[in-house]
Structure formats: structure tokens, C-alpha cells
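As C-alpha cells, the structure follows; a few thoughts come after it.
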Amino acid sequence: MCQDCGCSITRHDHLLSSGHSHSKIDDNIATNPQLNDKKTLSIIHKILDKNDIEAQHNRAHFEAKGITAFNLMSSPGSGKTTLLEHLHQYTPLKYAVIEGDLETSRDADRLIAKGIDAYQIQTGAACHLDAFMVHSALHHINLDPLDICFVENVGNLVCPASYDVGTHKNIVLLSVPEGDDKIEKYPVMFRRADLVLITKSDLMPYFDFSMEESRAQLKKLNPNVELIEISVKDPQSLAKVADWLLQHTGASA
């Protein structure tokens, strides 16, 4: 899948932006024939450039309606849909959800059953949403009454971080069963986060998960990111998420 969408170029871009030496970059490219082919690189850059233009269009579309958009990213099963099912009970903000999965409309169906407007994108083989998919979905949602639009990205801790879909803020979820080591192992995702939610915190006594280690790893990667520990069984923790959203809604206007 990554050979088709261009995600593999992000390692090269990240090395450049991080100040790594060109010799190290060249060594890295040499191990990936795709990144050693000028024609392939040119095509990938064109895809990413077109995506970024469409993402800006999406943002302008949201802003024209007074909507703040949030990109929810995580591995599968971290609790993105479950959070969105419960969050409406703790915030006066009206929101809708654009759902991304390879197949089925199960997540959108769950949200619609809760009275939340949702539209499902089935990506087929694509490991992430892109700005064009999100733009198409916008035509299936009534934006007029909304304060927020959530884009629930495909479950994946790698590729979604590489594609701007036109949102204003990135929220990354990490569940306790996944382990605190995932922050260091998937740094691109966590570097791009504005908020990190440690989900399923009620399971903390049963797993070897350290909040202290998580905070330390995040501080090294992304000193300005905020972290909230949550459980859908703990109303107070969901109220903290609702407060954060309220503080950041309208920030794009």
C-alpha cells in the first residue's frame, strides 16, 4: 500500500527536516529502490503537492462555515469511535464525523445510532485518508449547524501522519494495552500531534504502562503537545477532553 500512496517518502523528508547529514539520507534511500528512482520521486511529490492544495481548500471550506476540524489518528482499536460515541454527552459543541476504514460502514453506523451525523469513507486498500477523500465526504454532511468536524482516520500509526486532510488540529490516541513504547517507535505521528489521549486508562492496573515514561517520550519529541489520560468509564476525564476542544474551537478563525 505504501508503494502506491507515497508514504515511504516521509522518511526522506523527515531526515532532511531533522538536520541529518546527506550521507545518512543517501544510505537510507539506497535501501529503498523506490526512493532511488527520480521519476518515482517526481510523481510522489506531485501527489503530495496536489493533496496539500486540496487540504487548503478543505480548511477554507471549514472556516467559511465557522467550523474547526480535528484529525483523529491512532492504531486500530485504540478507541476513536468509542470516544466520539460518548463525547457528545460532555460538550455543547455540535459535531459530525467523517469516518475512514478500508471496508464496512460499521463505525459510521455506530455514531448515527447515537444521533451523531457521520459519513463513511471506504478506502479499499489505502492505508490513510487524503484531502480529496475528505473533500468528497464534505458534500454528504450538513455543515451549517456544526461547531466541529472530526475526521476519524484509518487505523494506522504511520501513514495518516503524512497526509494533510485539511483539518486544523491533530489528536492522536494511544491505548494502554498498546504499551508506552509506541511513542518512540512511531515518532512522526506523535510529533504532529496537538493533543495525545492515553485511552482505556481504567486498564492501567493490568498492563505494564507508565504515564511517566509516556510524558518523557512526548516531551522529547513534541515539547508543546498536551496529554490527557482518559477512560470512557470516567466522566471527569471525558469532560477534560471536552474542555480542551472548547478552548481550541474557533482558534482557526
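Read in order, the letters of the sequence shown are residues 1 to 253 in our numbering. From the three backbone atoms N, C-alpha and C, an ideal C-beta is built for every residue, glycine too. Keep in mind it's a predicted model, so treat the numbers as computed, not measured.
Cβ-Cβ distance between residue i and residue j below 8 Å
| i | j | result |
| --- | --- | --- |
| residue 229 | residue 198 | yes |
| residue 127 | residue 156 | yes |
| residue 116 | residue 140 | no |
| residue 151 | residue 74 | no |
| residue 246 | residue 68 | no |
| residue 101 | residue 109 | no |
| residue 224 | residue 190 | no |
| residue 70 | residue 121 | no |
| residue 99 | residue 118 | yes |
Identity of the residue in the options nearest residue i by Cα
| i | options | result |
| --- | --- | --- |
| residue 143 | 65, 248 and 172 | 65 |
| residue 209 | 181, 108, 196 and 216 | 181 |
| residue 133 | 201, 167 and 215 | 167 |
| residue 211 | 137, 158 and 176 | 176 |
| residue 62 | 85, 201, 96 and 76 | 96 |
First and last residue of the uninterrupted beta strand (DSSP E) at residue i
| i | result |
| --- | --- |
| residue 195 | 195-199 |
| residue 69 | 68-73 |
| residue 203 | Looking at the DSSP string, residue 203 is not in any beta strand (DSSP E), and its letter there is neither H nor E. |
Three-state secondary structure (DSSP) of residue i
| i | result |
| --- | --- |
| residue 143 | coil |
| residue 149 | strand |
| residue 241 | helix |
| residue 116 | coil |
| residue 234 | coil |
| residue 129 | coil |
Beta carbon proximity, residue i to chain D, threshold 8 Å
| i | result |
| --- | --- |
| residue 243 | Going by chain labels, chain D is absent from the structure shown, which holds only one protein chain. |
Assigned exposure category for residue i - 16 Cβ within 10 Å defines buried
| i | result |
| --- | --- |
| residue 249 | buried |
| residue 51 | buried |
| residue 161 | buried |
| residue 238 | buried |
| residue 81 | buried |
| residue 234 | exposed |
| residue 203 | exposed |
| residue 60 | exposed |
| residue 200 | buried |
First through last residue of the alpha helix (DSSP H) which encompasses residue i
| i | result |
| --- | --- |
| residue 210 | Note, residue 210: premise wrong, no alpha helix (DSSP H); not H, not E. |
| residue 96 | Segment 95-101 is the beta strand (DSSP E) holding residue 96; no alpha helix (DSSP H) there. |
| residue 85 | 80-87 |
| residue 178 | Per DSSP, residue 178 belongs to no alpha helix (DSSP H) and is neither H nor E. |
| residue 191 | 187-191 |
Residue i Cβ short of 7 Å to the ligand NAP heavy atom set
| i | result |
| --- | --- |
| residue 204 | Of the ligands one can find in the structure shown there are none, so the ligand NAP has no counterpart to examine. |
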